[in-house]
Amino acid sequence: DQQVKQNSPSLSVQEGRISILNCDYTNSMFDYFLWYKKYPAEGPTFLISISSIKDKNEDGRFTVFLNKSAKHLSLHIVPSQPGDSAVYFCAAPLQTGANNLFFGTGTRLTVIP
Amino acid sequence: KAGVTQTPRYLIKTRGQQVTLSCSPISGHRSVSWYQQTPGQGLQFLFEYFSETQRNKGNFPGRFSGRQFSNSRSEMNVSTLELGDSALYLCASSLDLQGYTQYFGPGTRLTVL
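Residue numbers (the working numbering), protein chains in the order written: chain A, 352 to 464; chain B, 44 to 156.
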């Protein structure tokens, strides 16, 4: 049962433009969401998170938006840089206070110079 | 501060054998989680340990087991290996149970022949 879904396996964006990565979830019990970035042969790296009591969280070039009614979140990267090319995963812990994350299937972002 | 380390980085085994993977968390981190990444199933939670106790377990057969030592280092064991166990095994550590931000190691690439 894929409780966290990323329906776009890949995305290509020109350098300097906005990258928007999307994620949908089915479990209404999720109350915290995270985005991770993964380069080949490395473990995922934490990017940004958002609590369900918020609808937006910003950190530099990265902004995450949460729409609870639609069970949808998105990651915006502005401006996109070639070094952002990686696989991006959204994730949610199954239980509050636990560290067992459900991961989406990932979206491969390619930023074209 | 050193990151999460995993040993070995690469491993080749044959069906029916068993394997033990090791993870050293970031100094001071008490929670260690294990994940399996495969092309077909993506990133899936295996189990989580905190203070030497297994706190959560994912939907994997009993052939997958783990433990945590008093210094927070963790090992996972897979017995009677099957071809489908070929995967990247990732370990993640966090400060405590409330530490949603998990920091991942580089992973151990297991190939079962």
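Ideal Cβ positions, reconstructed from N, Cα and C, are used throughout, including at glycine. None of these values were measured; they are calculated from a predicted model.
- Counting along the chain, the unbroken beta strand (DSSP E) around residue 444/A starts and ends at 437-444.
- For residue 454/A, the nearest CB of chain B lies under 7 Å from its own CB, placing it at the interface with that chain.
- Under the Cβ criterion of 7 Å, residue 118/B is not counted among the residues facing chain A.
- Measuring C-alpha to C-alpha distances from residue 115/B to each of 133/B, 93/B, 156/B identifies 93/B as the nearest.
- A distance of 7 Å or more separates the beta carbons of residue 384/A and residue 445/A.
- Leaving aside the five residues that flank residue 53/B on each side, the residues in its chain whose CB is nearer than 6 Å to its CB run, in chain order, 152.
- If you compare the alpha carbons of 126/B, 145/B, 127/B with that of residue 135/B, the shortest gap goes to 145/B.
- Under the three-state reduction of DSSP output, residue 434/A falls in the helix class.
- At a cut-off of 3 residues, the continuous stretches assigned as beta strand (DSSP E) that sit fully inside the segment 375-409 of chain A are 383-389, 396-402.
- Not flagged as an interface residue toward chain B: residue 384/A, since no C-beta distance is shorter than 7 Å.
- One alpha carbon belongs to residue 362/A, the other to residue 458/A, and they sit about 7 Å apart.
- Rounded to whole angstroms, residue 97/B and residue 464/A show a C-alpha spacing of 46 Å.
- When Cβ pairs closer than 8 Å are counted between the two stretches, the segment 117-132 of chain B is seen to touch the segment 56-70 of chain B, the count reaching three or more.
- Residue contact check for residue 397/A against chain B: a CB pair falls below 7 Å.
- Following the DSSP letters along the chain, one finds residue 135/B inside the beta strand (DSSP E) bounded by residues 130-137.
- In the three-state scheme derived from DSSP, where H, G and I count as helix and E and B as strand, residue 127/B is classed as helix.
- Residue burial is scored here from C-beta neighbours: residue 390/A has fewer than 16 other C-beta atoms within 10 angstroms and is therefore classed as exposed.
- For the pair residue 99/B and residue 431/A, the Cα-to-Cα distance works out to about 37 Å.
- Cβ contact annotation for residue 91/B (same chain, cutoff 6 Å, sequence separation greater than five): 76, 98, 99, in chain order.
- For residue 109/B, the enclosing beta strand (DSSP E) begins and ends at 107-111.
- Taking 7 Å as the cut-off, the beta carbon of residue 461/A is found no closer than this to the beta carbon of residue 357/A.
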